[in-house]
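Encoded as structure tokens, the structure appears first; notes follow it.
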Amino acid sequence: MSQPGQSQPSFDTLPGEIRNQIFALCIWHALSHPNADKSNWPDTRPPFSQWHPPPRKWLTAAVYSPSSDTGYLKLSGIGPLPVLLVNKQTYAEVSSLVFALVDSVSIGASMPQYLDENPIQRWMSAYSLVEERPDLQKLVKHAKIILPRTRGELLIRAYESCRGIHRPQTPRKNNAWPNIPSLHKFLGKFESLESLTIVLIADTQEAPDFKTLLPLWRKFGDRLTMKFKERAIETHIHSFHTYDQFSSSWNDAWERCLAERRVDS
Numbered sequence: 218m219s220q221p222g223q224s225q226p227s228f229d230t231l232p233g234e235i236r237n238q239i240f241a242l243c244i245w246h247a248l249s250h251p252n253a254d255k256s257n258w259p260d261t262r263p264p265f266s267q268w269h270p271p272p273r274k275w276l277t278a279a280v281y282s283p284s285s286d287t288g289y290l291k292l293s294g295i296g297p298l299p300v301l302l303v304n305k306q307t308y309a310e311v312s313s314l315v316f317a318l319v320d321s322v323s324i325g326a327s328m329p330q331y332l333d334e335n336p337i338q339r340w341m342s343a344y345s346l347v348e349e350r351p352d353l354q355k356l357v358k359h360a361k362i363i364l365p366r367t368r369g370e371l372l373i374r375a376y377e378s379c380r381g382i383h384r385p386q387t388p389r390k391n392n393a394w395p396n397i398p399s400l401h402k403f404l405g406k407f408e409s410l411e412s413l414t415i416v417l418i419a420d421t422q423e424a425p426d427f428k429t430l431l432p433l434w435r436k437f438g439d440r441l442t443m444k445f446k447e448r449a450i451e452t453h454i455h456s457f458h459t460y461d462q463f464s465s466s467w468n469d470a471w472e473r474c475l476a477e478r479r480v481d482s
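Each residue of the sequence shown is one higher than the one before, counting from 218 in this note's numbering.
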């Protein structure tokens, strides 16, 4: 018991080593929660004595940005963690430990672009969510970036019809390339990346000029993987059919770009 006149002990006054043990035990239980995705766990859960410090990373993170001024970062593989609600100091300490367990982060899935929107603003908003987590940028091993697709002509016409506007016939504008300079700067802050995957929607017959991506290739080398996906649309019978079958030609164009670069070097 504390003597009269002495301050009451609190959780925040415990030695850091003891607090970290308590935090680790809370995280271990959160990872074991029934609602947590355990696909990254071994067949049998290791006892806490073997888990702390953690032998490997367990979590994945995905960034969603519904608009240029809103967004959220979702962690998968962990359940509720009430200790985060204790106070700001505890939140900072525990979240730092949690984000140190993230193995991979993905950005760009489920991020549709409005037709009259600057594509860069939405992505800068998504980047800021990750930059607020320096432990994530410092320690994450794998990153996947799904860049926006080119605006489809049928979608543009439907959008204009709903809004009662008319647009002169102009060439289709690729939404991916304006994001490359900021993407290069953003990825430069990751310190431990072992692999980087860039996903592009191959939705034009003519492959783009991939020289824009060469700064990323020079930085990451063999750690960079380019993937080209084909876009699918919903037909009048409500089934999806791929109609842009250009991924092979895009992949060939990327390989030629790399081959020319290696020759020049």
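Ideal placement from N, C-alpha and C gives every residue a C-beta, glycine not left out.
Keep in mind it's a predicted model, so treat the numbers as computed, not measured.
Using a C-beta cut-off of 8 Å, the region 291-311 makes no contact with the region 342-353, since fewer than three inter-stretch Cβ pairs fall below that distance. In the three-state reduction of the DSSP assignment, residue 469 falls in the helix class, which pools H, G and I. Note: residue 414 is bridge-paired with 361, 442 in the DSSP secondary-structure output. Here residue 253 is near residue 294, since their CB atoms are less than 7 Å apart. When only Cα atoms are considered, residue 475 and residue 307 end up about 48 Å apart. Judged by beta-carbon spacing, residue 410 lies within the 7 Å limit of residue 360, meaning their Cβ atoms are closer than that value. The DSSP-derived three-state label of residue 429 is helix. The C-beta of residue 399 has fewer than 16 other C-beta atoms within 10 Å across all chains shown, which makes the residue exposed. Beyond the five residues adjoining it in sequence on each side, residue 408 comes within less than 8 Å, by CB distance, of 354, 355, 356 in the same chain, given in chain order. Counting the other CB atoms within 10 Å of its CB gives residue 405 a total below 16, which places it among the exposed residues. Residue 279 sits away from residue 319, with the two beta carbons spaced by 7 Å or more. Under the three-state reduction of DSSP output, residue 347 falls in the helix class.
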